[in-house]
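Numbering (this note's numbering), first residue to last: 108 to 274.
Each residue gets a CB set at the ideal place from its N, CA and C atoms; glycine is no exception.
Predicted model only: the values in this text are computed from it and were never measured.
Data first, discussion second: the structure below is written as C-alpha coordinates.
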Amino acid sequence: MKIKLYVIGKIKENYLKEGINEYINRIRPYAQLEIIEVNDEPVKDNPSLAEIEIVKNKEGEKILKLLKPGDYLISLDLGKKQFTSPEFAKYLESKFVAGGSVISFVIGGSYGLSDALKERANDAISLSNMTFLHQMTRLILLEQIYRAFKIIRNEVYHKWFIQSFKT
(Lines of atoms letter the chains of each structure in order from A; the text may use other names.)
(Lines give C-alpha, C1' and ligand atoms only; values in the text may rest on other atoms or scores of the structure.)
Protein backbone atom coordinates (compact mmCIF):
# COMPACT_ATOMS: atom_id res chain seq x y z
CA MET A 108 0.00 0.00 0.00
CA LYS A 109 1.18 3.49 -0.77
CA ILE A 110 -0.22 6.86 0.22
CA LYS A 111 0.75 10.07 -1.52
CA LEU A 112 0.06 13.53 -0.19
CA TYR A 113 0.19 16.32 -2.76
CA VAL A 114 0.48 19.57 -0.88
CA ILE A 115 0.83 23.24 -1.70
CA GLY A 116 3.53 25.01 0.28
CA LYS A 117 6.29 24.02 2.62
CA ILE A 118 6.11 23.61 6.38
CA LYS A 119 7.89 26.50 8.07
CA GLU A 120 7.15 25.98 11.77
CA ASN A 121 9.39 23.54 13.63
CA TYR A 122 6.60 22.26 15.87
CA LEU A 123 4.61 21.22 12.79
CA LYS A 124 7.67 19.63 11.17
CA GLU A 125 8.26 17.59 14.33
CA GLY A 126 4.65 16.41 14.49
CA ILE A 127 4.56 15.57 10.79
CA ASN A 128 7.81 13.61 11.03
CA GLU A 129 6.46 11.73 14.04
CA TYR A 130 3.39 10.57 12.11
CA ILE A 131 5.40 9.77 8.99
CA ASN A 132 7.49 7.41 11.14
CA ARG A 133 4.37 5.92 12.75
CA ILE A 134 2.74 5.24 9.36
CA ARG A 135 5.82 3.55 7.84
CA PRO A 136 5.08 0.06 9.26
CA TYR A 137 1.64 0.15 7.60
CA ALA A 138 2.20 1.82 4.23
CA GLN A 139 4.69 3.64 2.08
CA LEU A 140 4.15 7.37 2.39
CA GLU A 141 5.27 10.03 -0.05
CA ILE A 142 4.72 13.74 0.42
CA ILE A 143 5.00 15.82 -2.74
CA GLU A 144 5.31 19.52 -2.00
CA VAL A 145 4.86 22.21 -4.62
CA ASN A 146 5.66 25.84 -4.00
CA ASP A 147 2.76 28.10 -3.21
CA GLU A 148 2.26 31.15 -5.38
CA PRO A 149 3.10 34.56 -3.99
CA VAL A 150 0.08 36.67 -3.12
CA LYS A 151 0.01 40.39 -2.43
CA ASP A 152 -1.82 41.77 0.59
CA ASN A 153 -5.59 42.06 0.15
CA PRO A 154 -5.83 40.25 -3.19
CA SER A 155 -8.96 40.54 -5.29
CA LEU A 156 -11.14 37.51 -5.98
CA ALA A 157 -9.72 37.39 -9.50
CA GLU A 158 -6.15 37.38 -8.15
CA ILE A 159 -7.05 34.58 -5.74
CA GLU A 160 -8.45 32.50 -8.62
CA ILE A 161 -5.24 33.04 -10.59
CA VAL A 162 -3.18 31.81 -7.61
CA LYS A 163 -5.40 28.75 -7.09
CA ASN A 164 -5.24 27.92 -10.81
CA LYS A 165 -1.44 28.17 -10.93
CA GLU A 166 -1.08 26.00 -7.82
CA GLY A 167 -3.62 23.52 -9.18
CA GLU A 168 -1.76 23.24 -12.49
CA LYS A 169 1.44 22.35 -10.64
CA ILE A 170 -0.32 19.44 -8.92
CA LEU A 171 -2.18 18.32 -12.05
CA LYS A 172 1.14 18.02 -13.94
CA LEU A 173 2.45 15.63 -11.28
CA LEU A 174 -0.56 13.30 -11.21
CA LYS A 175 -0.63 10.10 -13.21
CA PRO A 176 -3.80 9.33 -15.21
CA GLY A 177 -4.72 6.36 -13.00
CA ASP A 178 -4.04 8.04 -9.64
CA TYR A 179 -6.99 7.77 -7.26
CA LEU A 180 -7.14 11.30 -5.88
CA ILE A 181 -9.02 12.44 -2.79
CA SER A 182 -9.22 16.19 -2.28
CA LEU A 183 -9.55 17.80 1.11
CA ASP A 184 -12.27 20.36 0.69
CA LEU A 185 -14.48 22.23 3.14
CA GLY A 186 -18.13 21.29 3.06
CA LYS A 187 -17.58 17.79 1.73
CA LYS A 188 -18.34 14.55 3.53
CA GLN A 189 -16.93 14.09 7.00
CA PHE A 190 -16.19 10.95 8.93
CA THR A 191 -15.70 9.78 12.46
CA SER A 192 -12.31 8.11 12.85
CA PRO A 193 -13.77 4.57 12.57
CA GLU A 194 -15.70 5.63 9.47
CA PHE A 195 -12.53 7.10 7.96
CA ALA A 196 -10.70 3.83 8.67
CA LYS A 197 -13.39 1.87 6.78
CA TYR A 198 -13.33 4.46 3.98
CA LEU A 199 -9.55 4.27 3.62
CA GLU A 200 -9.60 0.48 3.70
CA SER A 201 -12.31 0.38 1.03
CA LYS A 202 -10.31 2.74 -1.21
CA PHE A 203 -7.29 0.45 -1.02
CA VAL A 204 -9.47 -2.51 -1.95
CA ALA A 205 -11.35 -0.73 -4.77
CA GLY A 206 -8.80 1.86 -5.90
CA GLY A 207 -5.65 -0.21 -5.89
CA SER A 208 -2.41 0.04 -4.01
CA VAL A 209 -1.92 3.83 -4.26
CA ILE A 210 -4.26 6.39 -2.71
CA SER A 211 -3.46 10.08 -3.10
CA PHE A 212 -4.70 13.07 -1.14
CA VAL A 213 -4.38 16.71 -2.15
CA ILE A 214 -4.22 19.62 0.29
CA GLY A 215 -4.63 23.04 -1.26
CA GLY A 216 -2.87 26.25 -0.42
CA SER A 217 -4.09 29.17 1.65
CA TYR A 218 -6.99 29.84 -0.70
CA GLY A 219 -7.98 26.25 -1.35
CA LEU A 220 -8.10 24.16 -4.50
CA SER A 221 -8.59 25.17 -8.10
CA ASP A 222 -11.77 24.10 -9.86
CA ALA A 223 -9.69 21.95 -12.25
CA LEU A 224 -8.12 20.08 -9.34
CA LYS A 225 -11.51 19.59 -7.70
CA GLU A 226 -12.85 18.17 -10.96
CA ARG A 227 -9.86 15.83 -11.32
CA ALA A 228 -10.36 14.40 -7.82
CA ASN A 229 -12.10 11.04 -7.65
CA ASP A 230 -13.56 11.92 -4.26
CA ALA A 231 -13.60 14.82 -1.80
CA ILE A 232 -13.66 14.78 1.98
CA SER A 233 -13.49 17.32 4.76
CA LEU A 234 -11.60 16.89 8.01
CA SER A 235 -13.94 19.26 9.82
CA ASN A 236 -16.40 22.09 9.41
CA MET A 237 -13.69 24.22 10.98
CA THR A 238 -11.02 25.87 8.84
CA PHE A 239 -7.41 24.91 9.58
CA LEU A 240 -4.17 26.39 8.37
CA HIS A 241 -3.23 24.33 5.34
CA GLN A 242 0.07 23.48 7.06
CA MET A 243 -1.81 22.10 10.10
CA THR A 244 -4.09 20.14 7.81
CA ARG A 245 -1.13 18.02 6.77
CA LEU A 246 -0.45 17.05 10.39
CA ILE A 247 -4.12 16.38 11.13
CA LEU A 248 -4.52 14.21 8.01
CA LEU A 249 -1.39 12.20 8.83
CA GLU A 250 -2.62 11.62 12.38
CA GLN A 251 -5.98 10.41 11.07
CA ILE A 252 -4.31 8.10 8.54
CA TYR A 253 -2.21 6.61 11.33
CA ARG A 254 -5.28 6.26 13.54
CA ALA A 255 -7.12 4.56 10.66
CA PHE A 256 -4.41 1.92 10.33
CA LYS A 257 -4.54 1.28 14.07
CA ILE A 258 -8.33 0.91 13.92
CA ILE A 259 -8.19 -1.38 10.86
CA ARG A 260 -5.74 -3.66 12.67
CA ASN A 261 -7.56 -3.49 16.02
CA GLU A 262 -4.46 -2.05 17.66
CA VAL A 263 -4.71 0.23 20.68
CA TYR A 264 -3.84 3.85 20.00
CA HIS A 265 -6.06 6.05 22.11
CA LYS A 266 -7.55 4.19 25.05
CA TRP A 267 -10.55 6.46 25.61
CA PHE A 268 -11.35 6.33 21.92
CA ILE A 269 -11.24 2.53 21.78
CA GLN A 270 -13.26 2.17 25.00
CA SER A 271 -15.94 4.53 23.77
CA PHE A 272 -16.65 2.29 20.76
CA LYS A 273 -16.68 -0.99 22.69
CA THR A 274 -19.89 -0.13 24.52
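Judged by DSSP in its simplified three-state form, Val145 adopts strand.
If you draw a straight line from the Cα of Ile232 to the Cα of Asp184, it is about 6 Å long.
With a threshold of 16 other beta carbon atoms within 10 Å, Thr244 meets it and is buried. If you check the CB distance, Asn229 and Tyr179 come in under 8 Å.
With the rule of 3 Cβ pairs closer than 8 Å, the stretch 212-219 counts as touching the stretch 232-241.
DSSP places Tyr253 inside the alpha helix (DSSP H), whose first and last residues are 241-259.
Ranked by how close their Cα comes to the Cα of Val213, the residues Gly207, Val204, Ala223, Glu200 have Ala223 in first place. Counting along the chain, Ala231 sits inside no alpha helix (DSSP H); it lies in the beta strand (DSSP E) bounded by residues 230-232.
For Lys187, the enclosing beta strand (DSSP E) covers residues 179-188. Residue burial annotation: Lys169 is buried, with at least 16 other C-beta atoms found within 10 angstroms of its C-beta. The DSSP-derived three-state label of Gly219 is strand.
Around the beta carbon of Tyr253, a 10 Å sphere encloses 16 or more other beta carbons of the protein chains shown; the residue is thus reported as buried. Ranked by Cα distance from Val114, the options Ala255, Leu234, Gly215 are led by Gly215. Excluding its 5 nearest sequence neighbours in each direction, Ala255 has C-beta neighbours in its own chain below 6 Å: Phe195, Ala196, Leu199, listed in chain order. In its chain, beyond the 5 residues on either side, Tyr113, Ile143, Val145 have a beta carbon closer than 8 Å to the beta carbon of Leu173. Bounds of the beta strand (DSSP E) holding Leu112 are 109-115. Boundaries for Ile118: no alpha helix (DSSP H) harbours it, and the DSSP string shows neither H nor E there.
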